[in-house]
Structure formats: structure tokens, C-alpha cells
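Residue numbers (my numbering): 558 to 738.
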């Protein structure tokens with residue numbers, strides 16, 4: 558059985574690497590946030606292309622990745638096991654209006670601007686309960702250098718994020734039956 562992991566918004570393969578290594582099994586990281594997935598058809602097509610022709614899959618999801626994992630488990634019979642570390646069970650419309658979520662996301666992305674990546678890494682390290690080489694790589698991969706403004710910015714495309722946040726509301730993973738429920 559092949560195992561896949563979908564992390565939360567803004568995560569990269571290094572954020573979960575220490576955790577996944579503890580599973581003592583090969584786990585493949587899926588990143589839907591790099592694509593502009595506008596509707597369910599595109600979302601399902603993206604997932605199908607990622608899993609290729611697997612017969613049986615264990616899908617692990619964290620946060621927004623948990624919402625997507627639950628959705629995929631309800632749509633693809635290849636998903637035989639589902640592990641939700643967080644997400645997949647909340648009705649966000651009752652917690653946070655869509656416009657507020659989008660505005661907060663946009664503001665967060667805009668606020669994550671630094672001139673010195675080493676200083677940011679040092680700050681993150683001092684505040685972390687767990688730190689490793691993978692955590693440092695996660696921070697480094699999360700930012701890109703903007704030559705025009707001479708600064709580091711989150712390596713996130715807001716249009717992609719907005720599309721997937723809207724799609725999450727539409728698919729309503731929390732309502733979907735999966736497995737032997």
C-alpha cells in the first residue's frame with residue numbers, strides 16, 4: 558500500500574519530514590497548493606495524476622490537507638485508509654466567513670516579509686519546541702528572494718491559495734462519508 562501525505566496551507570515536504578520518517582515507511586508528499594485548481598474536476602484530475610495507477614492508498618492529511626484528504630477518500634476507491642491529523646471535520650462556514658478567511662490569508666502572506674532569512678530561522682528555532690535540519694530547510698523553502706524589492710517573501714501564490722480555499726468550502730469534506738462510517 559502506497560502512502561501519501563497532504564500538508565496544510567503553505568507547507569512543504571520538509572515541514573512533515575521528521576514526522577513521516579518516524580512512520581518507518583515511504584510516504585510521498587503531495588502539494589496541491591502549487592497548482593491553480595479552480596473546480597472539483599481539476600482537483601480530482603490533479604489527484605488522479607499524482608497517484609497514477611495505484612491499487613490501494615493510505616492518505617494522510619493535516620489541516621487543509623485533511624479536508625482535501627477526506628474529500629479524496631470519498632471520491633477515489635483507491636484510498637483504503639485515511640488518517641486525519643487535523644481537518645476534514647469542521648464546517649468552516651459556521652466558524653469563519655469566506656471573505657474573512659481570504660482577507661486574513663492575504664494579510665498574513667503580506668506580513669511575512671523579511672530582509673534576513675538567517676535572522677528569521679534563528680527566531681523560529683528559539684521559539685520551537687522541536688528543531689531539526691528539516692525544520693530549517695522547511696523555512697528556507699517557504700520563502701523566495703524578491704530581487705525587485707530586495708527582500709524575502711513567502712513562496713505562495715495567492716491566486717492558487719484563494720482558489721483552493723474557495724474549493725474547500727464548495728466540496729464540504731466534513732459532510733462526506735468515508736470508509737465504514
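Even glycine gets a Cβ: it sits at the ideal position worked out from N, Cα and C.
Terminal residues of the alpha helix (DSSP H) in which residue 664 lies:
Taking the chain shown and counting its residues from 1, one reaches residue 664 at position 107. Bounds of the alpha helix (DSSP H) holding residue 664 are 655 to 668.
Compute the Euclidean distance between the alpha carbons of residue 639 and residue 717, then round it to the nearest angstrom.
Within the chain shown, the letter at position 82 stands for residue 639. Within the chain shown, the letter at position 160 stands for residue 717. The C-alpha of residue 639 lies about 25 Å from the C-alpha of residue 717.
DSSP has residue 650 in a bridge; who is on the other side?
One-based indexing of the chain shown puts residue 650 at position 93. BP columns for residue 650 are empty, so no partner.
Reducing DSSP to helix, strand and coil, say where residue 688 ends up.
Against the chain shown, residue 688 aligns to sequence position 131. In this structure, residue 688 counts as coil in the three-state DSSP scheme.
With respect to the alpha helix (DSSP H) encompassing residue 606, which residues constitute its N-terminal and C-terminal limits?
In the chain shown, residue 606 corresponds to position 49, counting from 1. If you look at residue 606, you'll find it in the alpha helix (DSSP H) that goes 597 to 608.
Check residue 731 in the structure and name its three-state DSSP category.
Counting from 1 along the chain shown, the entry for residue 731 is found at position 174. Residue 731 falls in the helix class under three-state DSSP.
May I ask you to report which of helix, strand or coil DSSP gives residue 574?
Counting from one through the chain shown, the residue named residue 574 turns up at place 17. Under the three-state reduction of DSSP output, residue 574 falls in the helix class.
On the CB-based measure, 16 or more other CB atoms within 10 Å of its CB, does residue 732 come out buried or exposed?
Taking the first residue of the chain shown as position 1, residue 732 is located at position 175. Residue 732 should be labelled exposed.
To the nearest whole angstrom, what separates the beta carbons of residue 725 and residue 621, a pair I think is in contact under 8 Å?
Taking the first residue of the chain shown as position 1, residue 725 is located at position 168. Taking the first residue of the chain shown as position 1, residue 621 is located at position 64. Rounded, the Cβ-Cβ distance is 6 Å, consistent with contact.
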